[in-house]
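Protein chains in written order, with our numbering: chain A, 1 to 332; chain B, 1001 to 1332.
Yeah, the Cβ is synthetic: ideal placement off N, Cα and C, and Gly gets one too.
Notes follow the structure.
Protein chains: 2
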Amino acid sequence: MSTYTAINLVARPEPGPITAELFEVVQKPMPSVGDGQILVKQTHMSLDPAMVGWMSPDTESYIPPVGLGDVMRSSGLGEVVESNHPDFAVGERVMGMMGWTEYFLTTGEGLRKVQPGLDAEMVLSVFALPGLTATQGLYGSGHPKAGETLVVSGAAGSVGSIVGQLAKADGLTVVGVAGSDEKCNWLVNELGFDGAINYKTDDIAAKLGELAPKGIDVYFENTGGPIQQHVFDHMNAHGRVAVCGMIADYTAETPSAGPNWIPIIKKRITIQGFTMPDHYDDVPNLIAKLTPYVMQGKIKHRAHVLDGLESSIEGLNMLLTGANNGKLIVKL
Amino acid sequence: MSTYTAINLVARPEPGPITAELFEVVQKPMPSVGDGQILVKQTHMSLDPAMVGWMSPDTESYIPPVGLGDVMRSSGLGEVVESNHPDFAVGERVMGMMGWTEYFLTTGEGLRKVQPGLDAEMVLSVFALPGLTATQGLYGSGHPKAGETLVVSGAAGSVGSIVGQLAKADGLTVVGVAGSDEKCNWLVNELGFDGAINYKTDDIAAKLGELAPKGIDVYFENTGGPIQQHVFDHMNAHGRVAVCGMIADYTAETPSAGPNWIPIIKKRITIQGFTMPDHYDDVPNLIAKLTPYVMQGKIKHRAHVLDGLESSIEGLNMLLTGANNGKLIVKL
């Protein structure tokens, strides 16, 4: 009997690195494809910071946690290898929440078809969660205007790099915050950011003053940490903050304190948290908004590709430490 | 030559209580009233928390600080005692930013006439800065809906008490946070709040759980301090926070840290700071919104009246410590 590999979550993470003990690698028998079903062979999986949050129970979270013993949740891209469904043909490419598994049996609900000719890395780096998240947060919460200044943290990450490029294309001054000189150089030299700050080695306050001399109008938050206070200090009146991610705090023993709220009043700042599940109905509009930028070559991406299903576990830690250079993708 | 009394600001405050040394009480000669001018005898001055902020230079503030040597800024109510202006008759009552002074010479610009028959305490407690601020913040940033739960800090203060009563009239469950049992009793027994928390003696987290069992949808922030973290912990998805005041931090040696931002994402919270100077053009609309509630007897107020111009200095400290019971007014 032929089998395939999947990885189940079997324990909840403690503060600190993600360990292999939290997961169980299992062999499953190849399923038979029933009426109205399709079998997808997953070719590429996306690793995203939000996945770390999905591993822990939290009654207040926006989606339920992954159940213990269930396949770890993730989005990915695959090819239909068997179909008993009139809407899907063998050979078509689809993407959706398939999880850490080589094969995925489904009725097709929630899957999106992927246009032929689009490179898999481009699909997962731009037209998947990162690009949709960047577009929703920037326009839905950031309200950027030409001539303004935007600062984005996690700027070399999959979301941050798209946020910065969209804002740059819209005529804003764009400053990225990242965790290595290599990433900072990439932001400025390859993506065309106006400036970049290495939060590990630069004097953040001084650099913000230098790179955002007219003050900050939009802050797109992907990381958390001490940047928040410095951004508040440099924010202009009526500034907007889109809160997308807090990767620095997701697995921290003690989440860091936030900045004092006095600047929120003095500068009449609006801070808005958002998550994509609230906006799934808007996905067609978000793709329509994003596509022209991509077609005009204004959105570059780089993928950091890991090999094989089991590399996913170490991949999550790379997201936590920022060791990845580009969108983390696991090739199966 | 007859004179009148005014109080000038002559030094900037240090952290801690406001001291008499920051001010100079001066005698000024009665002015002659030129063409197009009126002389107003101020009868009642309003003391508001924002005034503490106006005493310190802060290039990022929403209005310039009071200049050293200038009359201390405040709003008040008075009566026209001389007029060379076609739009103002002797005996009419007016309100506006007249400052700490017994008499005010002006062209009338920026003054509003006050309807005869309205009690002076009611005017300054409801139809002045407190009521306008409450109305703007609650509806402009809080977006309350019947059936929801609102928590307001500084609930027994001039703004907070109106916020809570408006929300109660709109069909929300309303919980107030205040600093004494006397204030808490007043909120529940006189104003009809559903519950009140004494932040100095109650277990805030436990009380919030008990009094807001369905979670918090709107938080109206007047004080700052540790309440923020507890509110975040109890907030519902898509909660709104209107940030109006941070009285606990205005004169603090070190402003307190704010809460971590993870709940902002998980609960998709929107936080919005606001100040009235951004909304002065809306004052007629705000008064139109507020008036029916007042006319239907739904907005009670209580004034804490001090006597004489020089009591203003101690009055500012009462605002900082919460020693006042009701809207602070200085009767001249």
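Pair within 7 Å by beta-carbon distance, residue i and residue j
i	j	result
residue 1265 of chain B	residue 273 of chain A	yes
residue 38 of chain A	residue 96 of chain A	no
residue 1033 of chain B	residue 1102 of chain B	no
residue 1183 of chain B	residue 1156 of chain B	yes
residue 1176 of chain B	residue 1206 of chain B	no
residue 1270 of chain B	residue 1240 of chain B	yes
residue 209 of chain A	residue 249 of chain A	no
residue 1099 of chain B	residue 1074 of chain B	yes
residue 1311 of chain B	residue 1222 of chain B	no
residue 6 of chain A	residue 125 of chain A	no
residue 998 of chain B	residue 1252 of chain B	Because residue 998 of chain B is not part of the residues shown, which for chain B are 1001 to 1332, the question remains open.
residue 1317 of chain B	residue 1017 of chain B	yes
residue 218 of chain A	residue 194 of chain A	no
residue 1286 of chain B	residue 1309 of chain B	no
residue 93 of chain A	residue 56 of chain A	no
residue 105 of chain A	residue 31 of chain A	yes
residue 1023 of chain B	residue 1313 of chain B	yes
residue 322 of chain A	residue 140 of chain A	no
residue 1068 of chain B	residue 1010 of chain B	yes
Candidates the options: closest to residue i by CA position
i	options	result
residue 1150 of chain B	B/1288, B/1090, B/1236	B/1236
residue 1298 of chain B	B/1191, B/1316, B/1174, B/1003	B/1191
residue 128 of chain A	A/143, A/77, A/160, A/202	A/77
residue 169 of chain A	A/205, A/300, A/111	A/300
residue 358 of chain A	A/8, A/29, A/206, A/31	No information on residue 358 of chain A is available, as it lies outside the stretch 1 to 332 that chain A covers here.
residue 254 of chain A	A/3, A/2, A/14, A/1	A/14
residue 1120 of chain B	B/1226, B/1043, B/1204	B/1043
residue 1 of chain A	A/27, A/23, A/10, A/12	A/27
residue 1062 of chain B	B/1199, B/1279, B/1140, B/1142	B/1279
residue 1138 of chain B	B/1172, B/1110, B/1123	B/1172
residue 1111 of chain B	B/1122, B/1080, B/1188	B/1080
residue 158 of chain A	A/226, A/4, A/305	A/305
residue 320 of chain A	A/65, A/3, A/51, A/281	A/51
residue 1142 of chain B	B/1256, B/1238, B/1288, B/1290	B/1238
residue 1040 of chain B	B/1292, B/1004, B/1199, B/1281	B/1004
residue 1230 of chain B	B/1244, B/1203, B/1243, B/1242	B/1203
residue 1245 of chain B	B/1268, B/1267, B/1275	B/1275
residue 243 of chain A	A/228, A/268, A/257	A/228
residue 344 of chain A	A/220, A/188, A/25, A/291	Within the shown structure, residues of chain A are numbered from 1 to 332, placing residue 344 of chain A beyond reach of any answer.
Under 7 Å by beta carbon: chain B residues contacting residue i
i	result
residue 313 of chain A	Here the premise fails: no neighbours, minimum Cβ distance about 23 Å.
residue 260 of chain A	1249, 1255, 1256, 1257, 1258
residue 243 of chain A	1261, 1264, 1265
Proximal chain B residues relative to residue i, where beta-carbon distance stays under 9 Å
i	result
residue 149 of chain A	Going along chain B, no residue has its Cβ under 9 Å from residue 149 of chain A, so there is no contact; the nearest lies around 15 Å.
Where residue i meets chain A, residues with beta-carbon distance less than 9 Å
i	result
residue 1278 of chain B	237, 238, 268
residue 1272 of chain B	264, 268, 269, 270, 271, 272
residue 1062 of chain B	237, 265, 266, 267, 268
Residue i: contacting residues in chain B (beta-carbon distance under 8 Å)
i	result
residue 275 of chain A	1265, 1266, 1268
residue 224 of chain A	1260, 1261, 1262
residue 58 of chain A	1266
Interface partners of residue i on chain A, CB under 7 Å
i	result
residue 1246 of chain B	261, 262, 265
Just list the alpha helix (DSSP H) runs in the region 193-242 of chain A, keeping only unbroken ones of 4 residues or longer that don't cross its boundaries, in chain order.
Here the runs fully enclosed are 204-211, 227-234.
Is there contact between the region 1312-1328 of chain B and the region 1043-1061 of chain B, where contact requires at least three CB pairs shorter than 8 Å?
Enough Cβ pairs lie closer than 8 Å, so yes.
Closer than 8 Å is the cut-off here; do at least three beta carbon pairs connect the region 1120-1134 of chain B with the region 1161-1175 of chain B?
Yes, they touch.
Ignoring anything shorter than 3 residues, give me the beta strand (DSSP E) runs that lie fully in the region 1026-1087 of chain B, in order along the chain.
Restricted to the region 1026-1087 of chain B, the beta strand (DSSP E) segments that are unbroken, complete and at least 3 residues in length are 1038-1046, 1076-1083, listed in chain order.
Could you tell me whether the region 1248-1268 of chain B touches the region 1109-1117 of chain B, using the rule of 3 or more Cβ pairs below 8 Å?
The answer is no - the region 1109-1117 of chain B does not touch the region 1248-1268 of chain B, with fewer than three Cβ pairs under 8 Å.
In chain order, each beta strand (DSSP E) run of at least 3 residues that lies wholly inside the region 133-170 of chain A
Whole beta strand (DSSP E) segments, 3+ residues: 149-153.
Those runs of the alpha helix (DSSP H) which lie wholly inside the region 1254-1282 of chain B and span at least 4 residues
Runs found: 1262-1266.
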